Ligand code: 13P
């Protein structure tokens, strides 16, 4: 059965002290995760160990890196390998966020290699896809997202793809305050699930969590998460405020 997931993506925000305070504040707030719900914190590299330590022993709560490199080790100055992440108990990795694609030229092919490396090491990739505004305006988002899935994920075998979490994040809704309507999120996420079903099977498609990302807030989370093909959210700005993110966790249906 697929998981309901509230995932935070702090991006390049917060000082160490602010990050520590945010986790402490969140831990002090009431939330009740059932066995089928998870919370994942995607935090900047320098804070991973601190957040892992603070969340140790918390059921269904995980820490994610926001990226990793395509190689295991070696002369790649400034990069971080999956081996390094796993050595500090980080086993979830956000792969292919649109900001990585746009500002760091990450291609579908490179992201396929990152997904492979995660899966070969039993780490969970949180694979991001989603279209820019120009594509949405011409109503070609399905074709655009299908290509991202095909080129980065559909080489996987069924036993592998069930281990991937997918986050659909329309670029025009990221950090803009402009959320996709719950119906827009539902339509494309149903399309994504159907593409997986066509490539693999209905059973496989139903096992995969598909999150929505793009201006999710406490005020809209319940409605968006209530859609049948939305299994939670990947949250940027609102994950930086303890009460907001806690309300989003509590909105998991
Ligand atoms: P916002 O929630 O700030 O729109 O960011 C979404 C996002 O990019 C999460 O990865």
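In my numbering, the protein residues as written are 891 to 1143.
For glycine and all other residues, C-beta sits at the position ideal for the given N, C-alpha and C.
Note that the structure is a prediction, hence the values are computed from the model and not measured.
- Unbroken beta strand (DSSP E) stretches of 3 residues or longer found wholly inside the region 981–1056: 982–985, 1014–1019, given in chain order.
- Distance from the C-beta of residue 982 to the nearest heavy atom of ligand 1 is not below 7 Å.
- Listed in chain order, the non-local C-beta contacts of residue 1043 below 7 Å within the same chain comprise 1005, 1017, 1051, 1054, local neighbours out to five positions each way being set aside.
- In this structure, the C-beta of residue 1023 stays at least 7 Å away from each heavy atom of ligand 1.
- Residue 928: not part of any alpha helix (DSSP H); member of the beta strand (DSSP E) spanning 927–932, first to last residue.
- Taking a contact as a CB-CB distance under 8 Å, the pair residue 1070 and residue 1060 counts as one, their CB atoms being some 5 Å apart.
- DSSP places residue 1096 inside the alpha helix (DSSP H), whose first and last residues are 1092–1097.
- Residue ranges of uninterrupted alpha helix (DSSP H) with 4 or more members, entirely inside the region 1069–1127 and ordered along the chain, are 1072–1089, 1092–1097, 1108–1115.
- By a beta-carbon distance limit of 8 Å, residue 1095 does not contact residue 1137. Their separation comes to about 30 Å.
- Beta-bridge analysis with DSSP links residue 899 to 932.
- In this structure the region 978–987 lies against the region 932–951, because at least three pairs of beta carbons, one per stretch, are closer than 8 Å.
- Between the C-alpha atoms of residue 1032 and residue 1038 there is a straight-line separation of about 10 Å.
- Annotated three-state conformation of residue 976 is helix, per DSSP.
- Three or more beta-carbon pairs separated by less than 8 Å are not found between the region 907–920 and the region 1120–1128, which leaves the two stretches without contact.
- Between the alpha carbons of residue 985 and residue 1007 lies a distance of about 11 Å.
- A Cβ-Cβ distance of about 20 Å is found for the pair residue 992 and residue 1036, leaving them out of contact under the 8 Å criterion.
- In the structure shown, residue 956 adopts coil according to DSSP, grouped into three states.
- Distance check between residue 935 and each of 950, 923, 957 places 957 closest, using alpha-carbon atoms only.
- Straight across, the Cα-Cα distance linking residue 1090 with residue 1041 is about 15 Å.
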